[in-house]
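> Below: one structure in structure tokens.
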Amino acid sequence: MELSKRQEQIIGIVKQDGPITGENIAEQLGLTRATLRPDLAILTMAGFLDARPRVGYFYTGKTGSELLTEKISKFKVHEYQSVPIVVKEDASVYDAISTMFLEDVGTLFVVGEHACLTGVLSRKDLLRASIGTQDLNAVPVHIIMTRMPNITVCRKEDLLLDVASKLITKQIDGIPVVKDTDLGLEVVGRITKTTITKVFVELITDNHI
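According to my numbering, the residues represented by the sequence shown are 238 to 446, in order.
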């Protein structure tokens with residue numbers, strides 16, 4: 238977060254004299270309390286300052302990068318998951334390839350008769366299957382997909398940072414967000430490397446710290 242000159246002055250005063258009231262900060266800057274109110278609100282919401290009733294403002298001691306890390310570490314999967322792209326396990330490899338390119342995704346989630354997760358298809362899986370002379374319309378995806386339990390999944394209350402770590406460690410493009418049911422794991426969303434990248438870029442460019 239890029240601070241204005243006045244906001245930097247406020248932090249300097251609070252560092253030196255805190256805890257200090259808003260009125261005293263305004264007095265040192267030669268401004269009214271009303272003029273400073275927006276700046277104090279921004280600095281408090283961002284985490285640079287904290288405030289206690291009848292005590293005043295004090296400096297938290299955290300840098301911008303520390304506040305950014307702290308905020309990221311609290312993000313949950315359900316806040317950023319997108320709609321999952323699924324195919325049935327009896328769909329053909331040809332149909333799966335068509336779906337992948339039409340939806341512009343790198344991973345497809347395969348579901349069985351109860352709409353529960355049974356496998357995952359990556360671009361590499363489909364590319365490997367397409368090499369050769371076999372009729373892709375005659376090959377069902379369950380022949381080539383990665384099956385349970387060799388699938389990395391996440392749930393909506395998981396931390397986004399943990400899912401990002403799984404994507405990197407497992408070297409995969411996407412992870413299904415699942416819900417536990419009596420019949421199996423229902424696919425309710427997806428988190429991809431693109432999701433993670435967008436979240437971090439928006440967080441930094443929008444100064445959401």
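Ideal placement from N, C-alpha and C gives every residue a C-beta, glycine not left out.
Hey, would you say residue 394 sits closer than 9 Å to residue 314, going by beta carbons?
Numbered from its first residue, the sequence shown carries residue 394 at position 157. Numbered from its first residue, the sequence shown carries residue 314 at position 77. It is a contact, given that the beta carbons lie within the stated cut-off.
> Going by the DSSP bridge assignment, what does residue 287 pair with across the sheet?
Residue numbering aside, residue 287 sits at position 50 when the sequence shown is read from its first letter. Note: residue 287 sits in a beta bridge opposite 295.
> Ignoring anything shorter than 3 residues or poking outside the stretch 326–368, list the beta strand (DSSP E) runs there in chain order.
Segments of the beta strand (DSSP E) lying fully in the stretch 326–368: 344–348 and 354–359.
> Of all the options 271, 258, 387 and 299, which has the alpha carbon lying nearest to the alpha carbon of residue 293?
Taking the sequence shown and counting its residues from 1, one reaches residue 293 at position 56. Nearest of 271, 258, 387 and 299 to residue 293, Cα basis: 258.
> Going by the beta-carbon positions, is the gap between residue 381 and residue 365 smaller than 9 Å?
Counted from its first residue, the sequence shown places residue 381 at position 144. Counted from its first residue, the sequence shown places residue 365 at position 128. In this structure, residue 381 places its C-beta atom within 9 Å of the C-beta atom of residue 365.
> Are the stretch 345–357 and the stretch 322–337 touching, with three or more C-beta to C-beta distances below 8 Å?
Between the stretch 345–357 and the stretch 322–337, the count of Cβ pairs shorter than 8 Å is three or higher; the stretches touch.
> Take residue 263 and list the residues in its own chain whose beta-carbon comes closer than 8 Å to its own, dropping the five residues that flank it on each side.
Within the sequence shown, residue 263 is the residue found at index 26, counting from 1. Here the set comprises 269, 270, 272 and 273.
> Please report how far the alpha carbon of residue 375 lies from the alpha carbon of residue 337, in whole angstroms.
On the sequence shown, residue 375 is found 138 positions in, with the first residue counted as 1. On the sequence shown, residue 337 is found 100 positions in, with the first residue counted as 1. So the alpha carbons of these two residues sit roughly 18 Å apart.
> Under the assumption that residue 389 contacts residue 361 (Cβ atoms under 8 Å), give the Cβ distance between them as a whole number of angstroms.
In the sequence shown, the residue the question calls residue 389 occupies position 152. In the sequence shown, the residue the question calls residue 361 occupies position 124. Not confirmed; about 15 Å, so no contact.
> So the candidates are 282, 260 and 359; which of them puts its Cα closest to the Cα of residue 330?
By one-based count along the sequence shown, residue 330 stands at place 93. Closest option to residue 330, Cα to Cα, is 359.
> Spatial neighbours of residue 333 within its chain, please: C-beta separation below 8 Å, excluding the five flanking residues on both sides.
Translated into the one-based positions of the sequence shown, residue 333 becomes position 96. Excluding positions up to five away in sequence, the list reads 324, 345, 358, 363 and 378.
> Report all residues from its chain with a CB closer than 6 Å to the CB of residue 422; omit the five preceding and five following residues, and keep chain order.
Position 185 of the sequence shown holds residue 422. Within the same chain, residue 422 has close Cβ partners 353, 354 and 415.
> When the Cα atoms are used, what is the spatial distance from residue 419 to residue 351?
Position 182 of the sequence shown holds residue 419. Position 114 of the sequence shown holds residue 351. C-alpha separation (whole angstroms): 10 Å.
> Could you compute how far the alpha carbon of residue 255 sits from the alpha carbon of residue 309?
For the purposes of this step, residue 255 is identified with residue 18 of the sequence shown, where counting begins at 1. For the purposes of this step, residue 309 is identified with residue 72 of the sequence shown, where counting begins at 1. Cα to Cα, the separation comes out at about 28 Å.
> Could you pull out every residue in the same chain whose Cβ sits closer than 7 Å to the Cβ of residue 430, ignoring the five residues on either side in sequence?
Position 193 of the sequence shown, counted from the start, is the residue given in the question as residue 430. Around residue 430: 404 and 410.
> Could you have a look at residue 395 and say whether DSSP puts it in helix, strand or coil?
For the purposes of this step, residue 395 is taken as residue 158 along the sequence shown, with counting starting at 1. Three-state result, residue 395: coil.
> Just verifying my parser: in three-state terms, what is the DSSP assignment at residue 402?
To locate residue 402, count along the sequence shown from 1; it is residue 165. Here residue 402 sits in helix by DSSP.
> Following the continuous alpha helix (DSSP H) through residue 373, name the residue where it begins and the one where it ends.
Counted from its first residue, the sequence shown places residue 373 at position 136. It is not in any alpha helix (DSSP H) - residue 373 carries neither H nor E in the DSSP assignment.
> Using a Cβ-Cβ cutoff of less than 8 Å, which residues in the same chain neighbour residue 266 once the five nearest sequence positions on both sides are dropped?
Position 29 of the sequence shown, counted from the start, is the residue given in the question as residue 266. Cβ within range, chain order: 243, 246, 247, 250 and 273.
> Assign residue 339 to buried or exposed, taking buried as 16 or more other Cβ atoms, counted over all protein chains shown, within 10 Å of its Cβ.
Residue numbering aside, residue 339 sits at position 102 when the sequence shown is read from its first letter. Answer is exposed; the Cβ neighbour count stays below 16.
> Return helix, strand or coil for residue 446, following the three-state DSSP convention.
Here residue 446 is taken as the residue at index 209 of the sequence shown, counted from 1. At residue 446 the pLDDT is 39, less than 50, meaning the model places this residue with poor confidence and gives no usable figure here.
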